[in-house]
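So the sequence shown is numbered by our numbering: it starts at 2 and just counts up by one.
Glycine included, every Cβ here is placed at the ideal spot set by N, Cα and C.
Accompanying notes for the structure given below.
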Amino acid sequence: MKNIFKNLFLLTITLVTTTSCVSDDDFEIPTIRNPFFSEDFQTATPNTDLDLTGWTNFAEQGTWLWREKTYTSSGVTNGYAEFSAYGSGSAVNEVWLVSPAIDIAGKSSPVLKFSVAQHHLDVDSPDNSLTAYVSTDYDGTNVLAASWTPLSGTDIPTSSVSWYEFVKSTVNLTPFDGDIYIAFKFKGSGTNTTLDGAFPVSYTHLTLPTSDLV
Numbered sequence: 002m003k004n005i006f007k008n009l010f011l012l013t014i015t016l017v018t019t020t021s022c023v024s025d026d027d028f029e030i031p032t033i034r035n036p037f038f039s040e041d042f043q044t045a046t047p048n049t050d051l052d053l054t055g056w057t058n059f060a061e062q063g064t065w066l067w068r069e070k071t072y073t074s075s076g077v078t079n080g081y082a083e084f085s086a087y088g089s090g091s092a093v094n095e096v097w098l099v100s101p102a103i104d105i106a107g108k109s110s111p112v113l114k115f116s117v118a119q120h121h122l123d124v125d126s127p128d129n130s131l132t133a134y135v136s137t138d139y140d141g142t143n144v145l146a147a148s149w150t151p152l153s154g155t156d157i158p159t160s161s162v163s164w165y166e167f168v169k170s171t172v173n174l175t176p177f178d179g180d181i182y183i184a185f186k187f188k189g190s191g192t193n194t195t196l197d198g199a200f201p202v203s204y205t206h207l208t209l210p211t212s213d214l215v
């Protein structure tokens, strides 16, 4: 029997820029500056539809939306965003979570960092998937009218990856400029138990050398 955590979708977000310096030995050592945009969902109100300022929570198919959630571990409570298709009653759930506008104009080598896990993913299928996108023409309202480019360099875990084992992605956003929007699109089913797996997504607020990227 599937449990109540069937379709956990956990999210925080960080955008940083990279810079570099040259040592006495003329080795170029890239570093990462402090994030200029981040969201860790620590203000989450448990079990409510996600309505953070500037974020778009949009159901392309189905009626359920992303939810705000919290969990407590070792006495520390953390917030996250979750979408669960399990029990939704919809044959297809396609749900977008889109960031506010993020101005990367003039930023040196902007990098998006996140980690993704899976659990209860029975098959590797586009019908039960997570995809990260970027747009430069989203108007902040009409998700389907915008042009969305899948982000290259993402590493979304497959069904062969152990449950809750986070896979890390560091995405180079240098090809883009100006205001951008980052979107995460979940697709699954609330009626087909083969297609109701989950993809927890986590971000951090770390500033690390390139060799220690997370």
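- In this chain, Gly-141 is not harboured by any beta strand (DSSP E), its DSSP state being neither H nor E.
- According to the DSSP secondary-structure assignment, Val-168 is paired through a beta bridge with Val-117.
- The beta carbon of Tyr-134 lies closer than 8 Å to those of Trp-149, Thr-150, Pro-151, Leu-152, Ile-183, Ala-184, Phe-185 and Lys-186 in the same chain, with the five residues before and after it left out.
- Annotated as proximal: Trp-164 and His-120, with beta-carbon spacing under 8 Å.
- Ranked by Cα distance from Ala-45, the first of Leu-131, Asn-79, Ser-110 and Pro-111 is Asn-79.
- In the three-state scheme derived from DSSP, where H, G and I count as helix and E and B as strand, Leu-174 is classed as coil.
- Taken through DSSP and simplified to helix, strand or coil, Leu-196 comes out as helix.
- The way I'd put it, the segment 77-95 doesn't touch the segment 131-145; fewer than three beta-carbon pairs between them come closer than 8 Å.
- Between the alpha carbons of Glu-166 and Phe-177 lies a distance of about 30 Å.
- CA-to-CA, the gap between Pro-158 and Ser-170 works out to about 11 Å.
- By the 16-neighbour rule on beta-carbons within 10 angstroms, Ala-146 is exposed.
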